[in-house]
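First to last, the sequence lines map onto chains A and B.
When we follow this note's numbering, the leftmost residue of the first sequence carries the number 3, and every step to the right adds one.
When we follow this note's numbering, the leftmost residue of the second sequence carries the number 3, and every step to the right adds one.
There are 2 protein chains.
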Amino acid sequence: MTTLDPDIAARLKRTDDGLVAAVVQQHDTGEVLMLGWMDDEALSRTLTTGRATYWSRSRQEYWAKGDTSGHVQWVKEVRLDCDGDTLLVKVDQVGAACHTGDRTCFDADLLTPAPDGQPSDG
Amino acid sequence: MTTLDPDIAARLKRTDDGLVAAVVQQHDTGEVLMLGWMDDEALSRTLTTGRATYWSRSRQEYWAKGDTSGHVQWVKEVRLDCDGDTLLVKVDQVGAACHTGDRTCFDADLLTPAPDGQPSDG
């Protein structure tokens with residue numbers, strides 16, 4: 003049983019597993035920190051507790067970011083996209099977002115080397 | 003047959019449908035524009051043509067953003083996340099990213115009204 007607002011629940015377009023993608027962004031710098039997944043209950047907890055909470059597909063359990071690491075994500079704003087299958091969660095990230103210790107999950111693997119003499123915009 | 007660099011292909015962790023998620027961000031403002039999906043071929047085309055190209059799950063075809071709308075996404079940088087299932091594609095978006103005409107797919111549906119007196123950080 004989820005406690006998610008029925009008006010919001012009606013707008014979600016879920017995967018076969020009942021999930022929507024959640025793009026997580028640092029609210030002030032605009033850094034994209036990670037991609038997580040939420041079901042209705044995780045979204046409800048995110049909205050009501052003010053801490054970003056996900057459904058872990060690998061562990062099959064709810065996961066309030068920072069419970070073990072201390073790297074809490076305080077929710078500033080949540081938006082739903084035009085077709086209802088992706089959330090944009092703007093947060094204030096405490097410490098590193100990535101389990102590797104990197105600030106974001108996208109720091110380590112750049113697929114596009116900048117052409118010679120053209121600094122990347124990253 | 004995909005032309006994707008085998009070193010990159012080896013690092014991808016795909017869905018059962020052979021896809022990875024692509025978070026698309028305006029390179030200079032940091033706006034998150036949309037979430038798309040890419041298979042190996044779409045990623046290869048994105049990297050080699052410099053135009054963001056997706057696999058359309060609804061139409062089951064490749065889709066070079068802007069082909070019909072003119073709203074092209076010029077690729078500035080592509081990154082892969084720590085577990086290989088999500089790309090961050092930084093682009094220069096021509097016009098609107100969203101098919102509704104909005105600048106981003108997240109403009110229209112805010113789930114978190116800011117508490118009284120606390121302006122949102124959006």
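Built from N, CA and C at the ideal position, the CB exists for glycine as well.
- Comparing alpha-carbon positions, the option among Q95(A), L89(A), A98(A) and L35(A) lying closest to D83(B) turns out to be L35(A).
- If you check the CB distance, D104(A) and W76(A) do not come in under 9 Å.
- Counting only the Cα atoms, D69(B) lies some 28 Å from L14(A).
- By the criterion of a C-beta distance shorter than 7 Å, R16(B) is surrounded in its chain by V22, once the five residues flanking it on both sides are discounted.
- When the Cα atoms are used, L45(B) and T55(B) turn out to be separated by approximately 7 Å.
- Beyond the five residues adjoining it in sequence on each side, A99(B) comes within less than 6 Å, by CB distance, of L35, M36 and T106 in the same chain, given in chain order.
- In chain B, no part has a C-beta under 7 Å from the C-beta of E63(A); the shortest such distance is about 17 Å.
- Residue pairing by DSSP places R53(B) opposite W76(B) in a beta bridge.
- L49(B) sits away from V74(B), with the two beta carbons spaced by 9 Å or more.
- In this structure, the straight-line span from the alpha carbon of A12(B) to that of L90(B) is close to 18 Å.
- Taking a C-beta distance under 9 Å as the contact criterion, G32(A) and G32(B) qualify as a contact pair.
- Around the beta carbon of A110(A), fewer than 16 other beta carbons sit within 10 angstroms, so the residue counts as exposed.
- Counting only the Cα atoms, G38(A) lies some 11 Å from D87(B).
- In summary, the residues of the segment 78-96 of chain A whose CB is separated from some CB of chain B by less than 9 Å are K78, E79, V80, R81, L82, D83, C84, D85, G86, D87, T88, L89, L90, K92 and D94, in the order they occur in the chain.
- In this structure, M40(B) keeps its C-beta atom at 9 Å or more from the C-beta atom of A66(B).
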